[in-house]
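Asks: Chains as they are written, first to last, in our numbering: chain A, 873 to 996; chain B, 873 to 996; chain C, 873 to 996; chain D, 873 to 996. Idealized CB from N, CA, C, for every residue including glycine. Just so it is clear, the structure is predicted and the values come from calculations on it, not from any experiment. Here's a structure for you.
4 protein chains.
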Amino acid sequence: MDFNAHKPIYLQICDQICDRILNGDLKPDDRIRSVRELGAAFGVNPNTIMRSYEQLQNDGIIYNKRGIGYFIAENAKETVMETKRKQFIDESVPELAKKMQLLHISANKLLELLAQYHMDQPDD
Amino acid sequence: MDFNAHKPIYLQICDQICDRILNGDLKPDDRIRSVRELGAAFGVNPNTIMRSYEQLQNDGIIYNKRGIGYFIAENAKETVMETKRKQFIDESVPELAKKMQLLHISANKLLELLAQYHMDQPDD
Amino acid sequence: MDFNAHKPIYLQICDQICDRILNGDLKPDDRIRSVRELGAAFGVNPNTIMRSYEQLQNDGIIYNKRGIGYFIAENAKETVMETKRKQFIDESVPELAKKMQLLHISANKLLELLAQYHMDQPDD
Amino acid sequence: MDFNAHKPIYLQICDQICDRILNGDLKPDDRIRSVRELGAAFGVNPNTIMRSYEQLQNDGIIYNKRGIGYFIAENAKETVMETKRKQFIDESVPELAKKMQLLHISANKLLELLAQYHMDQPDD
DNA sequence: GTGGTCTAGACCACC
DNA sequence: GTGGTCTAGACCACA
Numbered sequence: 873m874d875f876n877a878h879k880p881i882y883l884q885i886c887d888q889i890c891d892r893i894l895n896g897d898l899k900p901d902d903r904i905r906s907v908r909e910l911g912a913a914f915g916v917n918p919n920t921i922m923r924s925y926e927q928l929q930n931d932g933i934i935y936n937k938r939g940i941g942y943f944i945a946e947n948a949k950e951t952v953m954e955t956k957r958k959q960f961i962d963e964s965v966p967e968l969a970k971k972m973q974l975l976h977i978s979a980n981k982l983l984e985l986l987a988q989y990h991m992d993q994p995d996d
Numbered sequence: 873m874d875f876n877a878h879k880p881i882y883l884q885i886c887d888q889i890c891d892r893i894l895n896g897d898l899k900p901d902d903r904i905r906s907v908r909e910l911g912a913a914f915g916v917n918p919n920t921i922m923r924s925y926e927q928l929q930n931d932g933i934i935y936n937k938r939g940i941g942y943f944i945a946e947n948a949k950e951t952v953m954e955t956k957r958k959q960f961i962d963e964s965v966p967e968l969a970k971k972m973q974l975l976h977i978s979a980n981k982l983l984e985l986l987a988q989y990h991m992d993q994p995d996d
Numbered sequence: 873m874d875f876n877a878h879k880p881i882y883l884q885i886c887d888q889i890c891d892r893i894l895n896g897d898l899k900p901d902d903r904i905r906s907v908r909e910l911g912a913a914f915g916v917n918p919n920t921i922m923r924s925y926e927q928l929q930n931d932g933i934i935y936n937k938r939g940i941g942y943f944i945a946e947n948a949k950e951t952v953m954e955t956k957r958k959q960f961i962d963e964s965v966p967e968l969a970k971k972m973q974l975l976h977i978s979a980n981k982l983l984e985l986l987a988q989y990h991m992d993q994p995d996d
Numbered sequence: 873m874d875f876n877a878h879k880p881i882y883l884q885i886c887d888q889i890c891d892r893i894l895n896g897d898l899k900p901d902d903r904i905r906s907v908r909e910l911g912a913a914f915g916v917n918p919n920t921i922m923r924s925y926e927q928l929q930n931d932g933i934i935y936n937k938r939g940i941g942y943f944i945a946e947n948a949k950e951t952v953m954e955t956k957r958k959q960f961i962d963e964s965v966p967e968l969a970k971k972m973q974l975l976h977i978s979a980n981k982l983l984e985l986l987a988q989y990h991m992d993q994p995d996d
């Protein structure tokens, strides 16, 4: 894994795990790799992984069994989905709208730009 | 002005000035407020304002008359517009596309969300 | 059995056994379940149960017949009672007093709160 | 400051700050000492202090001004009070009730024990 | 000066 | 083996 220099590594790891939950790769009660294991795999200090796991645990996305490891929470997918959608609607959309207005970019133009990025997703 | 906690204040000030240039509030050769004045107005250290002005000057958006103050550059609006559009297309759009895909938000849904924010802009 | 996340599982198991001794559920020379059996019942590693039994044995609350199992000690109830009362008076009460003071909870309020939990115990 | 060995230092620091908020020593918008300063004062690594501050910030008890420091939140006292009271009622009280029942300690006996610890607090 | 992130390495309790 | 806490020290961006 290679990391964006401008965002904390531990948050990028959170994002990566959330993405894997959203796309179904990680399911409830799946064990995720230990801090040491994942640290080695990512070439990152275990403390940094620990920090990611703490964050995710605070958010109710993973839970911990003492001496055993970390596991995906029961309703992790819903939690992540809800959190991210809320963020999207409350932050990304207004910001986007503001930019479009200032830059004179119409909705049509936006659709055109998005078309390049395989927007073949169903609504839900 | 209240500042977003996750973006440097000096950049938020840059943004605010750029916005005012784009919407026509600031025109070429208008004088902008001194670092002291704006610092006081924003409740921010003048050094921070200075940093914003340096940034804008480097980008060719404002210029400096020594001992007098900072002024909006001749082609500021075009410069800003071009820079921001490039950023929008190269950064915002791909990021947006990725989020929409993960969150199963369709283009239609996006338009619907945007509609709340007065999308009555012409293309150009 | 579900375990409190902030106290070691092996101590919670000790507590549970002590409670059963105090309330008369376990009597002197009763055999308690084997580490394997109890481990399976609790969904816990047998080593963890072993650790609980060692602890209780050190405290003189249970004893071991090699190859046969663990048994409640003769004076287990008295031992437990004495130990726990000492703990209660030396640790729980001061801690309680400190909290009540900080949170402005009066003795009356405390009695009121306790009333919900069937405080029909005689003194002794 | 001397620390209890069985509770994480960073949590003990959180508690100490909460206590100072509750007793009125720290008021809204007061600046608290920098991580380095407090670390030096307590003979503790600044990282450990940082961890306390993160925790308190997550709980909405303190907030941060970039490059300036940490400050007591507006309604910190209420937040702390509410959190701790909830904890007291939901956790301490039932646990206390259970212990009293098992150890045959009556409400009167409890009051007697508490009396030593200056229980001259008003209700509220 | 401030906080924030990260590393390396240690030690501990627990399973 | 697991996580959890802590230290020491580094480097960075920001005010």
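The alpha helix (DSSP H) with Gly911 (chain C) in it runs from where to where?
Replies: By one-based count along the third sequence, residue 911 (chain C) stands at place 39. Taken as a continuous stretch (DSSP letters only), the alpha helix (DSSP H) holding Gly911 (chain C) covers Val907 to Phe914.
Asks: Please look up how many angstroms separate the CB atoms of Ile961 (chain B) and Phe960 (chain A), rounded, as I've assumed it's under 8 Å.
Replies: Reading the second sequence from its first residue, position 89 is the one you call residue 961 (chain B). Reading the first sequence from its first residue, position 88 is the one you call residue 960 (chain A). The pair is not a contact, with the Cβ atoms about 20 Å apart (cut-off 8 Å).
Asks: If Leu898 (chain B) and Arg905 (chain B) are in contact, beta carbons under 8 Å, what's the gap, nearest whole angstrom?
Replies: Taking the second sequence and counting its residues from 1, one reaches residue 898 (chain B) at position 26. Taking the second sequence and counting its residues from 1, one reaches residue 905 (chain B) at position 33. That pair is no contact at about 11 Å.
Asks: Between the Cα of Phe875 (chain C) and the Cα atoms of C:Thr920, C:Leu982, C:Gly941 and C:Asp902, which residue gives the shortest distance?
Replies: Within the third sequence, numbered from 1, the residue matching residue 875 (chain C) stands at position 3. If we check each option's Cα against that of Phe875 (chain C), C:Thr920 comes out closest.
Asks: Apply the 10 Å Cβ neighbour rule to Lys956 (chain C) and answer buried if 16 or more other Cβ atoms are within range, or exposed otherwise.
Replies: Taking the third sequence and counting its residues from 1, the one referred to as residue 956 (chain C) is at position 84. Burial call: buried.
Asks: To the nearest angstrom, how far is it from the Cα of Asp931 (chain B) to the Cα of Thr951 (chain B)?
Replies: The sequence position of residue 931 (chain B) within the second sequence is 59, counting from 1. The sequence position of residue 951 (chain B) within the second sequence is 79, counting from 1. For Asp931 (chain B) and Thr951 (chain B), the distance between alpha carbons rounds to 8 Å.
Asks: Near Ser924 (chain B), which residues of its chain fall below 6 Å by C-beta distance, leaving aside the five closest residues on each side in sequence?
Replies: Position 52 of the second sequence, counted from the start, is the residue given in the question as residue 924 (chain B). Same-chain partners within the cutoff: Tyr882, Ile885 and Cys886.
Asks: Once the 5 residues before and after Cys890 (chain C) are set aside, which same chain residues still bring their CB inside 6 Å of it?
Replies: In the third sequence, counting from the first residue as 1, residue 890 (chain C) sits at position 18. Contacts found: Val952.
Asks: Note down the Cα distance separating Gly941 (chain B) from Lys971 (chain B), rounded to an integer number of angstroms.
Replies: Counted from its first residue, the second sequence places residue 941 (chain B) at position 69. Counted from its first residue, the second sequence places residue 971 (chain B) at position 99. When rounded, the distance between both Cα atoms is 43 Å.
Asks: Applying the criterion that 16 or more other CB atoms from any shown protein chain within 10 Å of the CB defines a buried residue, is Lys1046 (chain C) buried or exposed?
Replies: Outside the modelled stretch of chain C, which goes from 873 to 996, sits residue 1046 (chain C), for which no answer is possible.
Asks: Determine the extent of the beta strand (DSSP E) in which Asn936 (chain D) is found, giving its start and end residues.
Replies: Taking the first residue of the fourth sequence as position 1, residue 936 (chain D) is located at position 64. Per DSSP, the continuous beta strand (DSSP E) segment holding Asn936 (chain D) begins and ends at Ile934 to Lys937.
Asks: Quick one: does Arg903 (chain D) have its CB under 8 Å from some CB of chain B?
Replies: Here residue 903 (chain D) corresponds to residue number 31 of the fourth sequence, with the count starting at 1. Judged by the 8 Å Cβ criterion, Arg903 (chain D) is not in contact with chain B.
Asks: DSSP state of Tyr882 (chain A), grouped into three classes?
Replies: Taking the first sequence and counting its residues from 1, one reaches residue 882 (chain A) at position 10. It is helical.
Asks: Between which two residues does the alpha helix (DSSP H) containing Ile925 (chain C) stretch?
Replies: Translated into the one-based positions of the third sequence, residue 925 (chain C) becomes position 53. For the sequence presented, residue 925 (chain C) should be read as Tyr rather than Ile. Per DSSP, Tyr925 (chain C) is one residue of the alpha helix (DSSP H) stretching across Pro918 to Asn930.
Asks: Closer than 7 Å: is that where the CB of Asp962 (chain A) sits relative to any heavy atom of the ligand GTP?
Replies: Within the structure as shown, the ligand GTP is missing, as the structure has no ligands at all.
Asks: Locate the beta strand (DSSP E) running through Tyr989 (chain C), then write down its first and last residues.
Replies: The count along the third sequence starts at 1 and reaches residue 989 (chain C) at position 117. Counting along the chain, Tyr989 (chain C) falls outside any beta strand (DSSP E), and DSSP gives it neither H nor E.
Asks: Indicate whether Leu974 (chain A) and Leu894 (chain B) have their beta-carbon atoms separated by less than 8 Å.
Replies: Taking the first sequence and counting its residues from 1, the one referred to as residue 974 (chain A) is at position 102. Taking the second sequence and counting its residues from 1, the one referred to as residue 894 (chain B) is at position 22. Against a cut-off of 8 Å, the Cβ pair of Leu894 (chain B) and Leu974 (chain A) comes out as a contact.
Asks: Below 7 Å on C-beta distance, what does Ile961 (chain B) contact in chain A?
Replies: Taking the second sequence and counting its residues from 1, the one referred to as residue 961 (chain B) is at position 89. Those are Leu985, listed as they occur along chain A.
Asks: Ile881 (chain B) touches chain D at which residues, Cβ-Cβ below 8 Å?
Replies: Reading the second sequence from its first residue, position 9 is the one you call residue 881 (chain B). Near Ile881 (chain B) (Cβ distances below 8 Å), the residues of chain D are Arg938.
Asks: What are the start and end residues of the beta strand (DSSP E) that includes Val944 (chain D)?
Replies: By 1-based counting over the fourth sequence, the position of residue 944 (chain D) is 72. The sequence given here has Ile at residue 944 (chain D), not Val. Its beta strand (DSSP E) spans residues Gly941 to Ile944.
Asks: Chain D beta carbons: is any one of them nearer than 8 Å to that of Asp897 (chain C)?
Replies: Along the third sequence, read from residue 1 onward, the residue named residue 897 (chain C) stands at position 25. Cβ-Cβ to chain D under 8 Å: no for Asp897 (chain C).
Asks: I'd like the span of the alpha helix (DSSP H) that includes Leu975 (chain D), first residue to last.
Replies: Mapped onto the fourth sequence, residue 975 (chain D) falls at position 103. Per DSSP, Leu975 (chain D) belongs to the alpha helix (DSSP H) from Val965 to Leu975.
Asks: Using DSSP bridges, identify the partner residues of Ile904 (chain B).
Replies: Counting from one through the second sequence, the residue named residue 904 (chain B) turns up at place 32. DSSP lists B:Tyr942 as partners of Ile904 (chain B).
Asks: Determine whether the Cβ of Ser964 (chain B) lies closer than 8 Å to any Cβ atom of chain A.
Replies: By one-based count along the second sequence, residue 964 (chain B) stands at place 92. Answer yes: the Cβ-Cβ gap between Ser964 (chain B) and chain A drops below 8 Å somewhere.
Asks: In whole angstroms, what is the alpha-carbon distance linking Tyr989 (chain D) and Lys981 (chain C)?
Replies: By 1-based counting over the fourth sequence, the position of residue 989 (chain D) is 117. By 1-based counting over the third sequence, the position of residue 981 (chain C) is 109. Using only the alpha carbons, I get a separation of about 16 Å.
Asks: Considering only the alpha carbon of each residue, which of D:Arg903, D:Gly896, D:Ala912 and D:Met873 lies closest to Phe943 (chain D)?
Replies: On the fourth sequence, residue 943 (chain D) is found 71 positions in, with the first residue counted as 1. Among D:Arg903, D:Gly896, D:Ala912 and D:Met873, the Cα nearest to that of Phe943 (chain D) is on D:Arg903.
Asks: Alpha carbon to alpha carbon, what distance is there between Lys958 (chain D) and Leu983 (chain C)?
Replies: On the third sequence, residue 983 (chain C) is found 111 positions in, with the first residue counted as 1. On the fourth sequence, residue 958 (chain D) is found 86 positions in, with the first residue counted as 1. Each residue's Cα considered, the two are about 16 Å apart.
Asks: Between which two residues does the alpha helix (DSSP H) containing Met953 (chain A) stretch?
Replies: Residue 953 (chain A) sits at position 81 when you count from the first residue of the first sequence. From DSSP, the alpha helix (DSSP H) with Met953 (chain A) extends over Ala948 to Gln959.
Asks: Out of curiosity, what's the CA-to-CA distance linking Asn936 (chain C) and Glu946 (chain A)?
Replies: Start at 1 with the first residue of the third sequence, and residue 936 (chain C) comes out as number 64. Start at 1 with the first residue of the first sequence, and residue 946 (chain A) comes out as number 74. Their Cα atoms are separated by approximately 41 Å.
Asks: Tell me whether the beta-carbon of Val907 (chain C) lies closer than 8 Å to the beta-carbon of Pro918 (chain C).
Replies: Here residue 907 (chain C) is taken as the residue at index 35 of the third sequence, counted from 1. Here residue 918 (chain C) is taken as the residue at index 46 of the third sequence, counted from 1. Going by C-beta atoms, Val907 (chain C) is nearer than 8 Å to Pro918 (chain C).
Asks: So for Asn980 (chain A), helix, strand or coil by DSSP?
Replies: Position 108 of the first sequence, counted from the first residue, corresponds to residue 980 (chain A). DSSP, reduced to helix, strand and coil, places Asn980 (chain A) within a helical segment of the structure shown.
Asks: Report all residues from its chain with a CB closer than 7 Å to the CB of Pro966 (chain B); omit the five preceding and five following residues, and keep chain order.
Replies: Stepping through the second sequence from its first residue, residue 966 (chain B) is reached at position 94. Around Pro966 (chain B): no qualifying Cβ.
Asks: If the cut is a Cβ gap below 9 Å, which residues of chain A does Leu928 (chain B) touch?
Replies: In the second sequence, residue 928 (chain B) corresponds to position 56, counting from 1. Within 9 Å Cβ-Cβ: nothing; Leu928 (chain B) doesn't reach chain A, min ~16 Å.
Asks: At a Cβ threshold of 8 Å, is Met953 (chain B) touching chain A?
Replies: As a first step, residue 953 (chain B) is located in the second sequence; it is residue number 81 there, counting from the start. Yes, Met953 (chain B) counts as interfacial toward chain A.
Asks: Cβ closer than 8 Å: which chain B residues qualify as neighbours of Arg957 (chain A)?
Replies: By one-based count along the first sequence, residue 957 (chain A) stands at place 85. Correct list: Leu975 and Ile977.
Asks: Can you tell me which of D:Gln888, D:Ala979, D:Ala969 and D:Met873 puts its alpha carbon nearest to the alpha carbon of Leu928 (chain D)?
Replies: For the purposes of this step, residue 928 (chain D) is identified with residue 56 of the fourth sequence, where counting begins at 1. The shortest Cα separation from Leu928 (chain D) among D:Gln888, D:Ala979, D:Ala969 and D:Met873 belongs to D:Gln888.
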